[in-house]
Amino acid sequence: MKNSKTVFQDFIANITLKESTDEIRSIAYLVFAKILRLDRTDILAAKPLALDQEQEKELYTIAQRINKHEPIQYILGEAEFFGRMFKVNSAVLIPRPETEYLIHEILHHTNLYKNHAPHILDIGTGSGCIPVTIKKELPEASVTATDISTEALAIAKENALMLNASVEFLQHDILTQNIPLGRLDVVVSNPPYIAQTEGALMNRNVLQYEPHLALFVPDDDALKFYKAIAVKAYEVLNDGGLLIVEINERFGHETAAIFKANHFHDVAIMKDLDGKDRIVKGIV
Numbered sequence: 001m002k003n004s005k006t007v008f009q010d011f012i013a014n015i016t017l018k019e020s021t022d023e024i025r026s027i028a029y030l031v032f033a034k035i036l037r038l039d040r041t042d043i044l045a046a047k048p049l050a051l052d053q054e055q056e057k058e059l060y061t062i063a064q065r066i067n068k069h070e071p072i073q074y075i076l077g078e079a080e081f082f083g084r085m086f087k088v089n090s091a092v093l094i095p096r097p098e099t100e101y102l103i104h105e106i107l108h109h110t111n112l113y114k115n116h117a118p119h120i121l122d123i124g125t126g127s128g129c130i131p132v133t134i135k136k137e138l139p140e141a142s143v144t145a146t147d148i149s150t151e152a153l154a155i156a157k158e159n160a161l162m163l164n165a166s167v168e169f170l171q172h173d174i175l176t177q178n179i180p181l182g183r184l185d186v187v188v189s190n191p192p193y194i195a196q197t198e199g200a201l202m203n204r205n206v207l208q209y210e211p212h213l214a215l216f217v218p219d220d221d222a223l224k225f226y227k228a229i230a231v232k233a234y235e236v237l238n239d240g241g242l243l244i245v246e247i248n249e250r251f252g253h254e255t256a257a258i259f260k261a262n263h264f265h266d267v268a269i270m271k272d273l274d275g276k277d278r279i280v281k282g283i284v
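Taking full-length UniProt numbering, the leading residue of the sequence shown gets 1, the next gets one more, and so forth.
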C-alpha cells in the first residue's frame with residue numbers, strides 16, 4: 001500500500017510544467033485538499049493511503065489538464081477570494097488577490113456613513129466575487145451587480161446562493177445602456193482592460209482559458225469602459241459617493257484624467273503590492 005507522501009510525489013512527477021518546484025507543489029496541495037481531503041500535514045505524515053481506481057484516474061486526468069496549462073482553479077471549479085471559496089468556470093475570470101484592494105477601499109469608504117445603509121453597484125461582475133464579498137462584509141448594504149454575459153451571471157447567482165448573500169443581478173451593457181438604478185453610494189468595477197496587442201505577452205493559462213470578453217479591449221480604445229463608467233456613474237452617485245475601478249497598470253494617469261474630466265474630485269491612483277498602479281478612485 002502506498003502512503004500519502006508517496007502518492008503526492010508521484011503526482012508531482014507527472015507535472016511537466018516549466019514552473020518552479022514551489023509553484024508545482026502549491027498546485028498539488030490544492031488538488032490533494034480538494035480531491036483526497038488531505039492537507040499538508042497529512043501528506044508529510046506519510047499516512048497509509050489506498051486509492052481506488054476512480055481516484056487514480058482522476059489524479060492522472062488532473063495532471064494532464066495541468067500540463068496543458070489549464071488553470072487549477074478551473075480544473076477544481078473554485079477559487080479563493082477574500083477568505084471565501086467561489087465557484088468558477090471558463091465563463092468568468094479567476095478572482096485575483098489584487099482585486100481585494102477594491103473591497104478594502106469600499107469598506108473604508110462606507111465606514112464614513114452613519115445610520116445609512118449604502119447602495120452599492122458592481123459593473124461587470126463575472127463570478128460575483130466583488131458584490132458577494134461586499135454583502136458578506138456589509139450585511140446592511142443594498143448590493144446590485146451587472147454583467148453582459150448570461151453565463152457569467154449564472155455563476156454569480158450560484159455563488160451568491162452558495163454563500164447566502166442577498167445580491168440583485170441584472171444583465172446590462174454599460175457601453176450602450178444607462179445605469180438602471182436610483183441613487184448610489186458606491187460604483188465599483190473591474191472591467192476589461194487588456195489591450196489586444198498585450199495578449200502576445202500573456203501566460204498561456206490566461207490566454208487559452210479565461211474569457212476574452214472579460215479581458216480584452218481594442219488597442220485604439222483601451223479605456224472605453226472607464227469612459228462609459230465615469231459618465232454614467234456620475235449621473236447616479238449621491239454627493240460624496242465613490243467610484244472605484246481596477247485598472248491596467250499602463251493607464252493609471254489616463255484613467256485618473258477621465259475621472260477628473262467627468263467632475264470627480266479627490267481622484268487617486270493606488271498601487272498594488274508589486275508597486276504597480278492598480279486602482280483609481282474618485283468622489284462625486
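By construction, the Cβ of each residue, glycine as well, lies at the ideal position given by its N, Cα and C atoms.
What's the gap between the Cα of A268 and the Cα of I148?
Rounded to the nearest whole angstrom, the CA to CA distance from A268 to I148 is 28 Å.
Rounded to a whole number of angstroms, what is the C-alpha to C-alpha distance between N67 and I15?
Answer to the nearest angstrom: the Cα atoms are 6 Å apart.
If you follow the beta strand (DSSP E) that H119 is in, where does it begin and where does it stop?
For H119, the enclosing beta strand (DSSP E) stretches over residues H119 to I123.
Can you list, in chain order, the stretches of the alpha helix (DSSP H) that have 4 or more residues and sit fully within the region 42 to 81?
Secondary structure within the region 42 to 81: the alpha helix (DSSP H) runs of 4 or more consecutive residues, fully enclosed, are 53 to 67 and 72 to 76 (chain order).
Simplified DSSP state of K87, which is helix, strand or coil
In the structure shown, K87 adopts extended strand secondary structure according to DSSP, grouped into three states.
If I'm right that I123 touches T146 with Cβ under 8 Å, what's the distance once you round it to whole angstroms?
Right, the Cβ-Cβ distance comes to about 6 Å (below 8 Å), so this counts as a contact.
Is the number of C-beta pairs between the region 27 to 47 and the region 58 to 76 that are closer than 8 Å three or more?
The region 58 to 76 and the region 27 to 47 touch, with three or more beta-carbon pairs separated by less than 8 Å.
Is it right to say A79 is buried, meaning 16 or more other beta carbons lie within 10 angstroms of its own, or is it exposed?
Here A79 is buried. Its C-beta has 16 or more other C-beta atoms within 10 Å.
Does DSSP classify V280 as helix, strand or coil?
Of the three classes helix, strand and coil, the one that applies to V280 here is strand, per DSSP.
Among L175, G126 and V186, which has the Cα closest to the Cα of H116?
Checking every option, the nearest Cα to that of H116 belongs to V186.
D10, DSSP secondary structure in three states
DSSP places D10 in helix when its eight states are reduced to three.
Contacting residues, own chain, Cβ-Cβ under 6 Å from F81 (five flanking each side not counted):
P95 and C129, listed in sequence order.
Just to confirm before moving on: does the CB-CB distance between E137 and K87 stay below 8 Å?
Between E137 and K87, the C-beta spacing is not below 8 Å.
E158 CB to nearest chain B CB: under 8 Å?
No chain B is present in this structure, which holds just one protein chain.
Which full runs of the beta strand (DSSP E) of 3+ residues lie inside the UniProt domain "Methyltransferase small" (111 to 198), going along the chain?
Unbroken beta strand (DSSP E) stretches of 3 residues or longer found wholly inside the UniProt domain "Methyltransferase small" (111 to 198): 119 to 123, 142 to 147, 168 to 171 and 184 to 189, given in chain order.
Bridge partners for E246 per DSSP, in chain order?
In DSSP, E246 forms a bridge with I279.
Within 10 Å of its beta-carbon, does N262 have 16 or more other beta-carbons around it, so buried, or fewer, so exposed?
Buried.
CB-CB under 8 Å to E235, same chain, minus the five flanking residues each way: which ones, in chain order?
Short of 8 Å from the beta carbon of E235, and not among the five residues preceding or following it, lie these beta carbons of its own chain, in chain order: N178 and I179.
Just checking my contact of L102 with I244 at CB under 8 Å: how many whole Å lie between their CB atoms?
Contact between L102 and I244 holds, since their C-beta atoms are separated by about 6 Å, short of 8 Å.
How many angstroms separate the CA atom of T133 from the CA atom of M270?
Taking the straight line joining both Cα atoms gives about 21 Å.
Mark N190 as exposed unless 16 or more other C-beta atoms lie within 10 angstroms of its C-beta, in which case mark it buried.
The Cβ neighbour count for N190, taken over all protein chains shown within 10 Å, is at least 16; the residue is labelled buried.
Reduced DSSP category for K271 - H, G, I as helix; E, B as strand; rest coil:
Three-state result, K271: strand.
For L36, count neighbouring Cβ atoms within 10 angstroms of its own Cβ and tell me buried if that reaches 16, exposed if not.
Buried, by the Cβ-count rule.
Hey, would you say R278 sits closer than 8 Å to I247, going by beta carbons?
For R278 and I247, yes; Cβs fall inside 8 Å.
For I106 versus S127, is the C-beta distance shorter than 8 Å?
No.
According to DSSP, is H253 part of a helix, a strand, or is it coil?
Correct three-state label for H253: helix.
What separation, rounded to the nearest whole angstrom, lies between the Cα atoms of T144 and A160?
Whole-angstrom Cα-Cα distance: 11 Å.
Whole-angstrom Cβ separation of V167 and K135, contact assumed at under 8 Å?
Right, their Cβ atoms sit about 5 Å apart.
Roughly how many whole angstroms lie between the Cα atoms of residue 329 and G282?
Outside the shown range of the chain, which is 1 to 284, sits residue 329, and nothing can be said about it.
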